[in-house]
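Read the sequence shown against our numbering and you will find it ends at 511, with the numbers running on by one and no gaps.
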Amino acid sequence: MLLTLLFLVAVFVCPWLYIKWGRVKSYWLQRGVPHYPPHPIMGSLTFLQRQNPAMWMRQLYKDFKAPYVGMWLFWRPALVINSPEIARRVLVKDADIFRNRYLSSGKTDPIGALNIFTVNDPLWSSIRRRLTSVFTAAKLRSLNGITVSKSKAFIDRIAVDSKKEDPIDLRKICTDYTTDVIGESAFGVTSNCLAEGDSIMRKVTREFMAFDLHRGLSWSSIFFFPDLVDVFRFSFFPKDTIQLLRKIFRTVIEQRGGYEKEVKDSRDLLDALLKIKQEAVKENEDISEDLLLAQAAVFLLGGFDTSGTTLCWVVYELAWNPQIQDRLYQEVLALKRKIGDRGFDSTVLSDVNYIDCVIKETLRFYPPMGWLDRIANKDYKIDDKLTIEAGTAVYVNGVSMHMDPQYFPEPEVFNPDRFLPENERDIIPYTFMPFGEGPRNCIGMRFAYQTLRQGLADLILNYEFKTLPNSPKPKEIGVEKKGMFLMPDEKMSVQFVRRDNEFVNKA
Ligand code: HEM
Numbered sequence: 005m006l007l008t009l010l011f012l013v014a015v016f017v018c019p020w021l022y023i024k025w026g027r028v029k030s031y032w033l034q035r036g037v038p039h040y041p042p043h044p045i046m047g048s049l050t051f052l053q054r055q056n057p058a059m060w061m062r063q064l065y066k067d068f069k070a071p072y073v074g075m076w077l078f079w080r081p082a083l084v085i086n087s088p089e090i091a092r093r094v095l096v097k098d099a100d101i102f103r104n105r106y107l108s109s110g111k112t113d114p115i116g117a118l119n120i121f122t123v124n125d126p127l128w129s130s131i132r133r134r135l136t137s138v139f140t141a142a143k144l145r146s147l148n149g150i151t152v153s154k155s156k157a158f159i160d161r162i163a164v165d166s167k168k169e170d171p172i173d174l175r176k177i178c179t180d181y182t183t184d185v186i187g188e189s190a191f192g193v194t195s196n197c198l199a200e201g202d203s204i205m206r207k208v209t210r211e212f213m214a215f216d217l218h219r220g221l222s223w224s225s226i227f228f229f230p231d232l233v234d235v236f237r238f239s240f241f242p243k244d245t246i247q248l249l250r251k252i253f254r255t256v257i258e259q260r261g262g263y264e265k266e267v268k269d270s271r272d273l274l275d276a277l278l279k280i281k282q283e284a285v286k287e288n289e290d291i292s293e294d295l296l297l298a299q300a301a302v303f304l305l306g307g308f309d310t311s312g313t314t315l316c317w318v319v320y321e322l323a324w325n326p327q328i329q330d331r332l333y334q335e336v337l338a339l340k341r342k343i344g345d346r347g348f349d350s351t352v353l354s355d356v357n358y359i360d361c362v363i364k365e366t367l368r369f370y371p372p373m374g375w376l377d378r379i380a381n382k383d384y385k386i387d388d389k390l391t392i393e394a395g396t397a398v399y400v401n402g403v404s405m406h407m408d409p410q411y412f413p414e415p416e417v418f419n420p421d422r423f424l425p426e427n428e429r430d431i432i433p434y435t436f437m438p439f440g441e442g443p444r445n446c447i448g449m450r451f452a453y454q455t456l457r458q459g460l461a462d463l464i465l466n467y468e469f470k471t472l473p474n475s476p477k478p479k480e481i482g483v484e485k486k487g488m489f490l491m492p493d494e495k496m497s498v499q500f501v502r503r504d505n506e507f508v509n510k511a
């Protein structure tokens with residue numbers, strides 16, 4: 005029996021594999037597309053868990069200097085797009101062909117599979133249409149109270165922690181702030197992690213941030229080889245966090261009077277989600293609890309670390325660039341003097357253009373999701389030389405365009421002036437995409453700006469950020485290798501020194 009089996013493998017399987025591999029490895033060669041030679045099993049994915057995907061994309065961009073480069077997800081061909089013009093067509097002009105992401109969260113994890121980030125059309129269009137109403141300017145104004153009060157708690161916490169011997173862990177404290185803001189907005193439950201040192205929401209986001217081997221493999225598979233997700237029962241959200249989030253979600257909905265109690269003016273994102281369900285009922289559509297919970301969960305996951313880590317990088321860069329810090333401080337102080345007793349809020353802060361310049365320049369360096377994933381739903385002509393087949397994954401290599409001297413002269417210099425209105429208009433479209441582009445761009449972008457502006461304005465009014473002796477320069481900070489996003493993998497700290505102005509409470 006064993007001999008027969010070995011014979012069959014030798015006669016049929018091995019030659020088949022050999023021929024198949026020959027076809028796989030010549031796929032991009034035959035089409036004249038530059039590429040690194042593929043590994044016989046992993047294709048191009050040998051970098052996974054060893055190098056951050058964004059850093060791999062940057063290396064590839066430098067090595068080939070080509071508008072597109074071929075790669076393999078195991079044996080499946082995929083294309084990296086390095087050209088702003090092709091990016092525009094994929095993300096915007098021909099977005100109907102590239103509606104879906106290649107990544108997928110499989111069927112074993114309903115919350116992972118139902119959230120707007122992972123779902124495919126037609127469900128995606130229907131969810132996105134409804135969720136757009138959750139992030140209107142009016143709804144975001146209703147979140148102002150949360151942002152303002154959490155930002156105050158942020159300043160108070162820094163006052164306490166800066167008296168301690170250990171330097172403050174910047175990423176931790178910034179993600180405490182964003183957990184409180186987004187956790188409370190999306191789940192309607194009090195999250196006082198800044199004030200109390202921990203909260204139920206922080207338990208969840210701490211788990212989101214922990215990239216051990218299992219989580220690293222889960223996400224590698226979800227992003228780059230979704231066929232294996234169900235086989236290994238990988239999940240998008242850590243499993244116990246979902247049980248906890250479900251419990252919180254149900255409790256708060258009950259406290260608010262259940263699904264039937266009509267929501268008139270929504271106080272937060274949770275109310276806005278409830279309203280969606282109630283409006284769907286009027287249209288004879290049913291929206292399940294899982295579908296609502298999945299959206300609240302992805303707001304938290306998609307928002308707290310991206311925004312918190314961005315704020316952490318902003319503070320760190322400002323500590324290393326004191327002139328830029330001083331300019332921002334002077335602008336914020338001038339605004340505060342103008343508004344007098346009124347505190348900062350989203351309306352007044354939209355006037356300090358330089359805050360946005362600093363945030364954008366930080367996102368140019370450290371876009372948390374620097375490559376944008378799509379899949380072609382039919383054959384697509386990239387240019388006169390190349391047509392990709394339906395089912396091909398494409399990755400728009402934004403993180404690399406952000407650092408290309410052709411688009412951003414002296415890209416290694418931290419220079420927020422690039423984003424002043426008179427300069428920003430010269431930036432070539434689709435070379436700066438920290439929030440993605442087109443109909444599938446980041447739905448939380450304005451909320452992220454609101455949270456970042458508030459936290460940064462309050463921080464800089466109250467504290468000067470100084471580098472600590474022997475701390476690494478920003479570009480020497482390493483990035484996570486196991487995670488998919490561009491996040492620091494070491495502790496970042498600065499010294500917070502109380503400012504001397506009439507608004508600082510010196511007690
Ligand atoms: C600095 C902060 C943030 C950055 C840099 C960021 C970046 C991104 C990027 C690059 C995408 C993919 C866009 C594309 O494929 O074209 C995305 C999608 C998304 N983001 Fe954000 N994000 C941030 C904050 C937030 C916040 C605060 C929320 C929610 C409260 C959020 C919710 C989402 C969701 C739900 C999607 C999926 C949208 C869809 O597929 O339709 N993000 N984000």
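Where is the CB? At the ideal position from N, CA and C, for every residue including glycine.
This structure is a prediction, so every number in the text was calculated from the model and none was measured.
- Placement of the Cβ of G459 at a distance of 7 Å or more from every heavy atom of the ligand HEM is found.
- Here N104 carries a strand assignment [DSSP, helix/strand/coil].
- Beta bridge pairing from DSSP links T391 with K385.
- With respect to R378, F78 sits apart: the two C-beta atoms are not nearer than 8 Å.
- In the three-state scheme derived from DSSP, where H, G and I count as helix and E and B as strand, L460 is classed as helix.
- One Cα belongs to K364, the other to V483, and the distance between them is close to 19 Å.
- If you draw a straight line from the Cα of M405 to the Cα of F68, it comes to about 13 Å.
- The three-state secondary structure of Y22, taken from DSSP, is helix.
- Not one heavy atom of the ligand HEM sits closer than 7 Å to the Cβ of C361.
- By the criterion of a C-beta distance shorter than 7 Å, I481 is surrounded in its chain by P492, E494, M496, once the five residues flanking it on both sides are discounted.
- Shown here, F469 sits in a strand according to DSSP, grouped into three states.
- Assignment of W324 by DSSP, reduced to helix, strand and coil, places it in the helix class.
- Rounded to the nearest angstrom, the gap between the Cα atoms of F212 and D113 is 15 Å.
- Secondary structure note for Q499: it is in no alpha helix (DSSP H), and the uninterrupted beta strand (DSSP E) holding it is 499 to 502.
- M373 has its CB nearer than 7 Å to a heavy atom of the ligand HEM.
- Distance between L460 and F303, taken at the CA atoms: about 21 Å.
- Nearest to T245 by alpha-carbon distance, out of R206, A276, E264, V318, is R206.
- P19 sits exposed, since fewer than 16 C-beta atoms from the chains shown fall within 10 Å of its C-beta.
- Secondary structure of W79 (DSSP, three-state): coil.
- Between the ligand HEM and the CB of I379, the shortest heavy atom gap is not smaller than 7 Å.
- Taking a cut-off of 8 Å on C-beta distances, the stretch 427 to 436 does not touch the stretch 461 to 471, as fewer than three cross pairs fall below it.
- In this structure, DSSP gives H43 an extended state, which the three-state scheme calls strand.
- The residue from T396, C197, Y467 with its alpha-carbon nearest to that of Q334 is Y467.
- Each of M407, A301, I359, K268 was checked against the Cα of D421, and the nearest Cα belongs to I359.
- Set against 7 Å, the gap from the CB of A452 to the closest heavy atom of the ligand HEM is smaller.
- For A397, the secondary structure class from DSSP, reduced to helix, strand or coil, is strand.
- Scanning its chain for C-beta atoms nearer than 7 Å, with the 5 sequence neighbours on each side dropped, one finds around Q282 the residues E266, V267, in chain order.
- The C-beta of N119 has 16 or more other C-beta atoms within 10 Å across all chains shown, which makes the residue buried.
- A298 has its alpha-carbon roughly 29 Å from the corresponding atom of A394.
- Judged by DSSP secondary structure, L12 falls within the alpha helix (DSSP H) whose first and last residues are 6 to 12.
- In this structure, L107 keeps its C-beta atom at 8 Å or more from the C-beta atom of T396.
- Judged by pairs of C-beta atoms under 8 Å, the stretch 440 to 447 touches the stretch 122 to 139, as three or more such pairs exist.
- Assigned with DSSP and collapsed to three states, V123 falls in coil, not helix or strand.
- In this structure, G487 sits away from F236, with a CB-CB distance that is not shorter than 8 Å.
- In the displayed model, D231 falls within a helix according to three-state DSSP.
- Comparing alpha carbon positions, the residue from S87, R133, T182, F469 closest to L332 is F469.
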